[in-house]
Amino acid sequence: MSVKVMIPRALRQYADGKDVLELAGDNVGQVLDQLGEHCPNLRPHLFSDDGELRNFVNVFVNDDNIRDRDDKATAVRAGDELSIVPAIAGG
Amino acid sequence: MQPIQLQPEHDKAIRAHGVDAFPHECCGFLLGYDADDVRRIVRVTEAVNRRGAPEKHNRFTISPEAFLQAEKTARAEKLDVLGFYHSHPNAPARPSQYDVDHAWPVYSYIIVSVRDGVPEAMTSWVLQEDRSGFDPQPIAIAE
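Protein sequences appear in the order of chains A and B. 9 is the number that the working numbering gives to position 9 of the first sequence; each next residue is one higher, with no gaps. 20 is the number that the working numbering gives to position 20 of the second sequence; each next residue is one higher, with no gaps.
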């Protein structure tokens, strides 16, 4: 399944400046693996050393946070939008 | 360091939000585009500080759902989310260590100090590449 992956401004420098990538996969994990292959410099900003998504990185399939669904096993369909959304906090 | 350009209404809106939220921290999004070595803010939108009552006097969190919607709004207007603003109630407009620890590169972080309900200094910052701190970013208010 071909999905659009939306890259936030803060991370585009690690994705050759791209804001959108069209990648394939049946679930979020497969799409993120593809993303890591295409943009290896992006990988350490998304994943910890054990390969898990970092706590301060959120991933949405359309309007659904994958943490509210099946995490990396969340299925994707052709035309879905996968958005990488950094956690924002401070004070 | 490219300056960040705000329209007068953005400056006013950020200050007003800081006053309205006092003694808690306010927060929001900066939408715009980078061109000709200037970060040009086109729209400032408020966000809800998702921290609980004991913490929101010196901490803010923007929900990922809110950030996603801000990104969609920005894209629809051919803009980007270029940063965030928040207030420091009764504290200087300088990033805390907590701000440093939670910041992302590239984004502008505007901070407005609100002292006893009165807005004072407003500053902008961009995280250094090694994450050791922030670089100050000049704010230009358009005429």
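Using N, Cα and C, we set each Cβ at its ideal position, and we do this for glycine too.
Is the Cβ-Cβ distance between residue i and residue j less than 7 angstroms?
i, j, result
"Lys-72 of chain A", "Val-31 of chain A", "no"
"Arg-39 of chain B", "Ile-4 of chain B", "yes"
"His-10 of chain B", "Val-44 of chain B", "yes"
"Asn-58 of chain A", "Val-85 of chain A", "yes"
"Ala-103 of chain B", "Ala-121 of chain B", "no"
"Glu-46 of chain B", "Gly-28 of chain B", "yes"
"Trp-125 of chain B", "Pro-136 of chain B", "yes"
"Gln-2 of chain B", "Asp-36 of chain B", "no"
What's the call for residue i, buried or exposed, on a 16-neighbour Cβ count within 10 Å?
i, result
"Phe-60 of chain B", "buried"
"Ala-76 of chain B", "exposed"
"Ser-132 of chain B", "exposed"
"Pro-44 of chain A", "exposed"
"Val-118 of chain B", "exposed"
"Ser-83 of chain A", "buried"
Using a cut-off of 9 angstroms between C-beta atoms, extract the partners of residue i located in chain A.
i, result
"Arg-59 of chain B", "Ala-89, Gly-90 and Gly-91"
Any beta-carbon of chain B closer than 7 angstroms to the one on residue i?
i, result
"Ala-10 of chain A", "yes"
"Asn-55 of chain A", "no"
Kindly indicate if chain A contains any beta-carbon less than 7 angstroms away from that of residue i.
i, result
"Val-106 of chain B", "yes"
"Asp-99 of chain B", "yes"
So with CB distances below 8 angstroms, who are the chain B contacts of residue i?
i, result
"Ser-83 of chain A", "Leu-68 and Glu-71"
Name, please, each residue of chain B whose Cβ falls closer than 9 angstroms to the Cβ of residue i.
i, result
"Phe-47 of chain A", "Correct list: empty, because the minimum Cβ distance to chain B is about 16 angstroms."
"Asn-41 of chain A", "None at all; the shortest Cβ gap to chain B is about 12 angstroms."
Given that residue i touches chain A, what residues does it touch there, using C-beta distances under 8 angstroms?
i, result
"His-86 of chain B", "Gly-90 and Gly-91"
"Val-81 of chain B", "Pro-8 and Arg-9"
"Ala-103 of chain B", "Gly-90"
Self-check item: Whole beta strand (DSSP E) elements within the region 3-34 of chain A, 3-residue minimum
Solution: 20-24
Self-check item: 3-residue-minimum beta strand (DSSP E) runs that sit fully inside the region 98-142 of chain B, ordered along the chain
Solution: 108-115, 118-127, 134-137 and 139-141
Self-check item: Ranges of the alpha helix (DSSP H) found wholly within the region 57-103 of chain B, counting only runs of at least 4
Solution: 64-76 and 97-102
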